Amino acid sequence: MENSKESKESQVEAVKPAPKKTLLESLIEVKRRLKNPTLNKKVDVKTKYGSDYSYSYTTLDNLIDTIQQAIGTADLSWIQIPISSNGQVGVHTYLISSDDKMDCGEFLLPAGNGIKDKGSALTYARRYALSSIFGVSSESDSDGRQSSEVDAGPAAHKLSQSELENYVITFRGQSGYLVDLWADAQNGDQDAADWFRTELTNGDAQTRMAIEQLIQRQRNWAKSEAKKPKPRRVDTPPSSERGDKASSPTDEQNDNDITDLFNELGIN
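Right, dumping it as C-alpha coordinates:
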(Lines of atoms letter the chains of each structure in order from A; the text may use other names.)
(Lines give C-alpha, C1' and ligand atoms only; values in the text may rest on other atoms or scores of the structure.)
Protein backbone atom coordinates (compact mmCIF):
# COMPACT_ATOMS: atom_id res chain seq x y z
CA MET A 0 0.00 0.00 0.00
CA GLU A 1 2.80 2.32 0.94
CA ASN A 2 4.64 1.58 -2.31
CA SER A 3 1.50 2.46 -4.25
CA LYS A 4 1.30 5.83 -2.52
CA GLU A 5 4.94 6.63 -3.29
CA SER A 6 4.36 5.70 -6.93
CA LYS A 7 1.47 8.14 -7.27
CA GLU A 8 3.53 10.95 -5.68
CA SER A 9 6.32 10.26 -8.17
CA GLN A 10 3.85 10.53 -11.05
CA VAL A 11 2.59 13.89 -9.74
CA GLU A 12 6.16 15.21 -9.56
CA ALA A 13 6.81 13.95 -13.09
CA VAL A 14 4.01 16.08 -14.57
CA LYS A 15 4.75 19.15 -12.46
CA PRO A 16 5.33 22.10 -14.87
CA ALA A 17 8.82 23.59 -15.15
CA PRO A 18 9.31 26.93 -13.40
CA LYS A 19 8.44 29.92 -15.56
CA LYS A 20 11.43 31.68 -17.12
CA THR A 21 12.11 35.33 -16.37
CA LEU A 22 12.16 37.87 -19.19
CA LEU A 23 15.96 37.95 -19.12
CA GLU A 24 16.20 34.16 -19.22
CA SER A 25 13.83 34.11 -22.20
CA LEU A 26 15.94 36.73 -23.99
CA ILE A 27 19.13 34.71 -23.42
CA GLU A 28 17.41 31.60 -24.76
CA VAL A 29 16.18 33.41 -27.87
CA LYS A 30 19.59 34.97 -28.56
CA ARG A 31 21.18 31.52 -28.42
CA ARG A 32 18.83 30.36 -31.18
CA LEU A 33 18.92 33.56 -33.20
CA LYS A 34 21.06 33.76 -36.33
CA ASN A 35 21.94 36.82 -38.36
CA PRO A 36 19.17 37.59 -40.87
CA THR A 37 19.83 37.37 -44.59
CA LEU A 38 20.86 40.65 -46.18
CA ASN A 39 18.09 40.81 -48.76
CA LYS A 40 18.54 44.39 -50.03
CA LYS A 41 21.45 46.10 -51.79
CA VAL A 42 22.05 49.83 -52.18
CA ASP A 43 24.45 51.53 -54.60
CA VAL A 44 25.60 54.97 -53.43
CA LYS A 45 27.38 57.69 -55.40
CA THR A 46 29.05 60.35 -53.28
CA LYS A 47 29.19 64.05 -54.07
CA TYR A 48 32.95 63.65 -54.70
CA GLY A 49 32.34 61.26 -57.60
CA SER A 50 33.27 57.97 -55.90
CA ASP A 51 30.75 55.20 -55.28
CA TYR A 52 30.23 52.23 -53.02
CA SER A 53 27.52 49.72 -52.15
CA TYR A 54 26.27 47.86 -49.11
CA SER A 55 23.66 45.25 -48.30
CA TYR A 56 21.17 45.19 -45.45
CA THR A 57 18.15 43.30 -44.19
CA THR A 58 14.75 44.91 -44.50
CA LEU A 59 12.69 45.52 -41.37
CA ASP A 60 10.11 42.85 -42.21
CA ASN A 61 12.85 40.27 -42.84
CA LEU A 62 14.51 41.17 -39.53
CA ILE A 63 11.21 40.82 -37.66
CA ASP A 64 10.50 37.42 -39.28
CA THR A 65 13.97 36.18 -38.28
CA ILE A 66 13.55 37.30 -34.66
CA GLN A 67 10.01 35.88 -34.40
CA GLN A 68 11.19 32.49 -35.64
CA ALA A 69 13.85 32.43 -32.91
CA ILE A 70 11.33 33.48 -30.25
CA GLY A 71 8.93 30.67 -31.14
CA THR A 72 6.78 29.96 -28.07
CA ALA A 73 9.05 31.84 -25.64
CA ASP A 74 7.32 34.38 -23.40
CA LEU A 75 8.99 37.34 -25.07
CA SER A 76 8.01 40.18 -27.40
CA TRP A 77 8.63 43.93 -27.83
CA ILE A 78 6.93 47.30 -28.24
CA GLN A 79 8.38 50.27 -30.16
CA ILE A 80 6.79 53.66 -29.50
CA PRO A 81 7.44 56.39 -32.14
CA ILE A 82 9.07 59.56 -30.75
CA SER A 83 10.49 62.80 -32.18
CA SER A 84 12.77 65.56 -30.89
CA ASN A 85 14.59 68.53 -32.48
CA GLY A 86 14.13 67.39 -36.08
CA GLN A 87 14.89 63.76 -35.25
CA VAL A 88 12.52 60.79 -35.19
CA GLY A 89 12.90 57.34 -33.72
CA VAL A 90 11.53 54.81 -31.27
CA HIS A 91 11.50 53.98 -27.59
CA THR A 92 11.77 50.20 -27.36
CA TYR A 93 10.59 47.89 -24.58
CA LEU A 94 11.04 44.13 -24.30
CA ILE A 95 7.97 42.59 -22.69
CA SER A 96 6.75 39.28 -21.30
CA SER A 97 3.39 38.31 -19.80
CA ASP A 98 4.39 39.73 -16.41
CA ASP A 99 7.48 41.92 -16.91
CA LYS A 100 9.07 44.53 -19.16
CA MET A 101 12.57 45.87 -19.90
CA ASP A 102 13.19 49.49 -20.94
CA CYS A 103 15.74 49.40 -23.80
CA GLY A 104 15.86 53.17 -24.25
CA GLU A 105 15.40 55.58 -27.14
CA PHE A 106 16.99 55.56 -30.58
CA LEU A 107 16.72 58.71 -32.73
CA LEU A 108 17.90 59.51 -36.24
CA PRO A 109 18.01 62.80 -38.20
CA ALA A 110 15.04 63.22 -40.53
CA GLY A 111 14.12 65.59 -43.33
CA ASN A 112 11.07 67.81 -43.23
CA GLY A 113 8.89 65.68 -45.51
CA ILE A 114 6.57 62.91 -44.38
CA LYS A 115 8.39 60.37 -46.56
CA ASP A 116 11.77 61.30 -45.07
CA LYS A 117 10.43 60.99 -41.53
CA GLY A 118 8.82 57.64 -42.34
CA SER A 119 12.09 56.33 -43.75
CA ALA A 120 14.06 57.48 -40.70
CA LEU A 121 11.48 55.85 -38.41
CA THR A 122 11.84 52.54 -40.29
CA TYR A 123 15.64 52.75 -40.01
CA ALA A 124 15.40 53.51 -36.27
CA ARG A 125 13.11 50.53 -35.67
CA ARG A 126 15.51 48.22 -37.51
CA TYR A 127 18.68 49.56 -35.86
CA ALA A 128 17.14 49.36 -32.38
CA LEU A 129 15.96 45.75 -32.81
CA SER A 130 19.29 44.68 -34.32
CA SER A 131 21.16 46.13 -31.36
CA ILE A 132 18.84 44.68 -28.69
CA PHE A 133 18.88 41.16 -30.14
CA GLY A 134 22.57 41.34 -31.07
CA VAL A 135 22.38 40.65 -34.79
CA SER A 136 24.06 42.27 -37.78
CA SER A 137 21.54 43.91 -40.10
CA GLU A 138 23.85 45.41 -42.73
CA SER A 139 27.26 45.03 -44.31
CA ASP A 140 29.42 47.10 -46.68
CA SER A 141 30.14 45.01 -49.74
CA ASP A 142 33.37 46.92 -50.42
CA GLY A 143 34.49 47.10 -46.78
CA ARG A 144 33.58 50.77 -46.35
CA GLN A 145 31.29 51.85 -43.56
CA SER A 146 28.08 53.67 -44.38
CA SER A 147 24.41 53.76 -43.50
CA GLU A 148 21.10 53.84 -45.29
CA VAL A 149 20.53 57.37 -44.13
CA ASP A 150 23.48 58.48 -46.30
CA ALA A 151 21.64 57.07 -49.29
CA GLY A 152 18.52 59.03 -48.47
CA PRO A 153 17.39 62.22 -50.21
CA ALA A 154 20.04 64.95 -50.06
CA ALA A 155 19.26 68.35 -48.63
CA HIS A 156 17.89 70.75 -51.24
CA LYS A 157 17.51 74.49 -51.39
CA LEU A 158 14.02 75.41 -50.27
CA SER A 159 11.67 77.63 -52.21
CA GLN A 160 10.35 80.76 -50.53
CA SER A 161 7.10 78.98 -49.66
CA GLU A 162 8.91 75.89 -48.33
CA LEU A 163 11.18 78.05 -46.19
CA GLU A 164 8.24 79.96 -44.71
CA ASN A 165 6.46 76.68 -43.86
CA TYR A 166 9.48 74.68 -42.70
CA VAL A 167 8.52 72.92 -39.44
CA ILE A 168 10.95 72.17 -36.60
CA THR A 169 10.64 70.85 -33.04
CA PHE A 170 11.54 73.23 -30.22
CA ARG A 171 10.92 72.68 -26.50
CA GLY A 172 9.05 69.51 -27.37
CA GLN A 173 6.59 71.30 -29.67
CA SER A 174 6.36 71.73 -33.44
CA GLY A 175 6.57 75.18 -34.93
CA TYR A 176 7.74 77.20 -37.93
CA LEU A 177 11.47 77.82 -38.33
CA VAL A 178 10.88 81.45 -39.34
CA ASP A 179 8.93 82.09 -36.11
CA LEU A 180 11.77 80.68 -34.02
CA TRP A 181 14.21 82.84 -36.02
CA ALA A 182 12.16 85.89 -35.09
CA ASP A 183 12.17 84.84 -31.42
CA ALA A 184 15.97 84.53 -31.52
CA GLN A 185 16.28 88.02 -33.00
CA ASN A 186 13.96 89.34 -30.29
CA GLY A 187 16.25 88.11 -27.53
CA ASP A 188 15.09 84.54 -26.80
CA GLN A 189 18.40 82.97 -25.75
CA ASP A 190 17.01 79.41 -25.87
CA ALA A 191 16.01 79.99 -29.49
CA ALA A 192 19.46 81.40 -30.28
CA ASP A 193 21.11 78.38 -28.64
CA TRP A 194 18.90 76.08 -30.72
CA PHE A 195 20.11 77.71 -33.94
CA ARG A 196 23.75 77.45 -32.86
CA THR A 197 23.32 73.75 -32.05
CA GLU A 198 21.44 72.92 -35.24
CA LEU A 199 24.03 74.65 -37.42
CA THR A 200 26.58 72.19 -36.01
CA ASN A 201 24.68 69.01 -35.23
CA GLY A 202 21.34 69.30 -36.99
CA ASP A 203 20.20 67.29 -39.99
CA ALA A 204 21.34 68.45 -43.42
CA GLN A 205 17.99 69.86 -44.51
CA THR A 206 17.53 71.93 -41.36
CA ARG A 207 21.05 73.32 -41.68
CA MET A 208 20.27 74.23 -45.28
CA ALA A 209 17.09 76.05 -44.18
CA ILE A 210 18.97 77.99 -41.48
CA GLU A 211 21.69 78.98 -43.94
CA GLN A 212 18.99 80.28 -46.27
CA LEU A 213 17.54 82.38 -43.44
CA ILE A 214 20.99 83.78 -42.65
CA GLN A 215 21.58 84.64 -46.29
CA ARG A 216 18.15 86.25 -46.51
CA GLN A 217 18.98 88.32 -43.42
CA ARG A 218 22.29 89.38 -44.95
CA ASN A 219 20.63 90.38 -48.22
CA TRP A 220 17.98 92.37 -46.35
CA ALA A 221 20.57 94.14 -44.19
CA LYS A 222 22.65 95.08 -47.23
CA SER A 223 19.64 96.40 -49.11
CA GLU A 224 18.67 98.50 -46.09
CA ALA A 225 22.20 99.88 -45.84
CA LYS A 226 22.09 101.01 -49.48
CA LYS A 227 18.90 103.02 -49.01
CA PRO A 228 19.52 106.79 -48.76
CA LYS A 229 19.37 107.86 -45.13
CA PRO A 230 17.36 111.00 -44.20
CA ARG A 231 19.55 113.98 -43.34
CA ARG A 232 18.91 117.14 -41.46
CA VAL A 233 18.11 120.18 -43.56
CA ASP A 234 21.19 122.00 -42.31
CA THR A 235 23.49 119.05 -43.11
CA PRO A 236 25.13 119.28 -46.56
CA PRO A 237 25.30 116.23 -48.82
CA SER A 238 28.35 114.04 -48.39
CA SER A 239 29.72 115.24 -51.73
CA GLU A 240 29.87 118.76 -50.31
CA ARG A 241 31.26 117.65 -46.90
CA GLY A 242 34.04 115.61 -48.51
CA ASP A 243 33.46 112.56 -46.33
CA LYS A 244 31.67 109.21 -46.55
CA ALA A 245 29.83 109.21 -43.24
CA SER A 246 26.40 108.67 -44.84
CA SER A 247 27.55 105.85 -47.14
CA PRO A 248 28.66 102.87 -45.05
CA THR A 249 30.92 100.50 -46.91
CA ASP A 250 30.15 96.86 -47.57
CA GLU A 251 32.74 96.02 -44.91
CA GLN A 252 30.82 98.09 -42.37
CA ASN A 253 27.58 96.39 -43.37
CA ASP A 254 29.13 92.96 -42.94
CA ASN A 255 30.39 93.93 -39.51
CA ASP A 256 26.91 95.09 -38.50
CA ILE A 257 25.45 91.75 -39.61
CA THR A 258 28.20 89.83 -37.83
CA ASP A 259 27.40 91.73 -34.63
CA LEU A 260 23.74 90.79 -35.04
CA PHE A 261 24.56 87.09 -35.46
CA ASN A 262 26.93 87.25 -32.48
CA GLU A 263 24.07 88.58 -30.37
CA LEU A 264 21.95 85.66 -31.52
CA GLY A 265 24.74 83.22 -30.77
CA ILE A 266 25.11 82.38 -34.45
CA ASN A 267 28.48 82.54 -36.18
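Quick note on numbering that gives the first Met the number 0: the sequence shown kicks off at 0 and runs consecutively. Beta carbons are placed, not taken as given, at the ideal position from N, Cα and C, and that holds for glycine. Please read all numbers here as calculations on a predicted model, not as lab measurements.
Query	Result
First and last residue of the uninterrupted alpha helix (DSSP H) at T197	189 to 201
Identity of the residues DSSP links to I27 by a beta bridge	Answer by DSSP bridge pairing: none, since I27 is not bridged.
Completely contained beta strand (DSSP E) runs for the segment 67 to 154, where each covers 3 or more residues	76 to 84, 87 to 95, 100 to 109, 138 to 140
For Q173: DSSP bridge partner residues	F170
C-beta atoms of R126 and A69 nearer than 7 Å	no
Which listed residue (D98, S174, I210) has its alpha carbon closest to that of L23	D98
Assigned exposure category for A191 - 16 Cβ within 10 Å defines buried	buried
Cβ-based neighbour list, A124, same chain, cut-off 8 Å, excluding 5 preceding and 5 following	V88, G89, V90, F106, L107, L108
Run of the alpha helix (DSSP H) containing S223, from where it starts to where it stops	204 to 226
Buried versus exposed call for E211 [16 or more other C-beta atoms within 10 Å across all chains shown]	exposed
Contact under 7 Å by Cβ, Y56 with S136	no
Strand pairing of D43, partner residues [DSSP]	S53
Assumed close pair I319, G86 - CB separation to whole angstroms, cut-off 8 Å	As shown, the chain starts at 0 and ends at 267. That puts residue 319 outside it, with no answer to give.
S159, enclosing alpha helix (DSSP H) - first and last residue	No alpha helix (DSSP H) contains S159, which DSSP labels as neither H nor E.
Alpha carbon of P18 to alpha carbon of T65, nearest angstrom	27 Å
Neighbourhood of I80 by C-beta distance below 7 Å, restricted to the same chain and skipping five residues each side	V90, H91
Which of helix, strand or coil DSSP assigns to T37	coil
Option nearest L94 by Cα separation, candidates I82, N39, G111, S76	S76
Helix, strand or coil at T58 according to DSSP, with G and I counted as helix	coil
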